[in-house]
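For the sequence shown, the working numbering gives the first residue as 19, with consecutive numbering after it.
Ideal Cβ positions, reconstructed from N, Cα and C, are used throughout, including at glycine.
These numbers come from a predicted model, not from an experiment.
These notes concern the structure reproduced below.
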Amino acid sequence: MGESQGGLVASIAAFDIDDLAGLILLYPGFSVVEDINEKYNTPSDVPEHNELFGVEVGREFVTDLIDLDIYEELTKYEGDVIIYHGDRDGIIPLSSSVKAEEAYPNAELVVIGNGYHGFRPAHAYEISLMIDEWIGGRTNTELSGGTNNHEKADI
């Protein structure tokens, strides 16, 4: 499970975990990769310290993302993925989660009506209930496929 930049990191880490039952992503920061690749041409262009959305990240974090086609990489993860993303997110574009849903073989995108980056308490509570329902019954050996249906939750 990861949110924003943590969603990006969780997605990348998922490739190295053999018994992962699935991924839960909240407004994942896939567009960070695109932003980095627009800003830097080569690893030597990256300064030692960087700030992404108010969070300091090291040079290695940034250089590892240069030339990464994140959406191509996502096609390699075959486990279940559920993505929650607000339709009013002003930091990470909803379009990046739409691309991710299309890239993952087994993904479902739930668009949160009136949802921003970092869900408000009422949204967070309702999403926690949806996550609990999504997790229910999943194990390492019993996985179900995603629906790719752009379900919209009006909460």
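How big is the Cα-Cα spacing for residue i and residue j?
{"i": "GLY133", "j": "PRO111", "result": "12 Å"}
{"i": "TYR143", "j": "ILE149", "result": "10 Å"}
{"i": "ASP34", "j": "TYR95", "result": "10 Å"}
{"i": "LEU41", "j": "LEU127", "result": "12 Å"}
{"i": "GLY72", "j": "GLU90", "result": "27 Å"}
{"i": "VAL27", "j": "MET19", "result": "10 Å"}
{"i": "SER62", "j": "SER113", "result": "30 Å"}
Nearest by alpha-carbon distance to residue i: which of the options is it?
{"i": "HIS67", "options": "ILE100, VAL75, THR60", "result": "VAL75"}
{"i": "LEU87", "options": "PHE79, ASN55, GLY47", "result": "Here the sequence assigns Asp to residue 87, which means Leu is not the residue at that position. Checked all of PHE79, ASN55, GLY47; the closest Cα to ASP87 is ASN55."}
{"i": "THR93", "options": "ARG106, GLY20, ASN124", "result": "ASN124"}
{"i": "PHE137", "options": "GLY108, GLU119, VAL50, ALA118", "result": "GLY108"}
{"i": "SER49", "options": "LEU147, THR60, GLY25", "result": "GLY25"}
{"i": "SER146", "options": "PRO61, VAL27, ALA28, LEU43", "result": "LEU43"}
{"i": "VAL51", "options": "VAL80, GLU119, HIS141", "result": "VAL80"}
Tell me whether the beta-carbon of residue i lies closer than 7 Å to the beta-carbon of residue j.
{"i": "ILE101", "j": "TRP152", "result": "no"}
Tell me which residues share the same chain as residue i and place their Cβ nearer than 6 Å to its Cβ, disregarding the 5 neighbours each side in the sequence.
{"i": "SER162", "result": "Legend: pLDDT at SER162 = 43, less than 50; position of this residue unreliable, value from coordinates given subsequently. Here the set comprises nothing."}
Skipping 5 residues on each side, what residues in its chain have a beta carbon closer than 8 Å to that of residue i?
{"i": "TYR5", "result": "Any answer about residue 5 is impossible in this case: the structure gives the chain only from 19 up to 173."}
{"i": "ASP85", "result": "ASN55"}
Whose C-beta lies closer than 7 Å to the C-beta of residue i among residues of the same chain, with five residues either side of it excluded?
{"i": "LEU38", "result": "ALA32, GLY97"}
{"i": "GLY47", "result": "SER22, GLN23, GLY25, LEU26, ILE110"}
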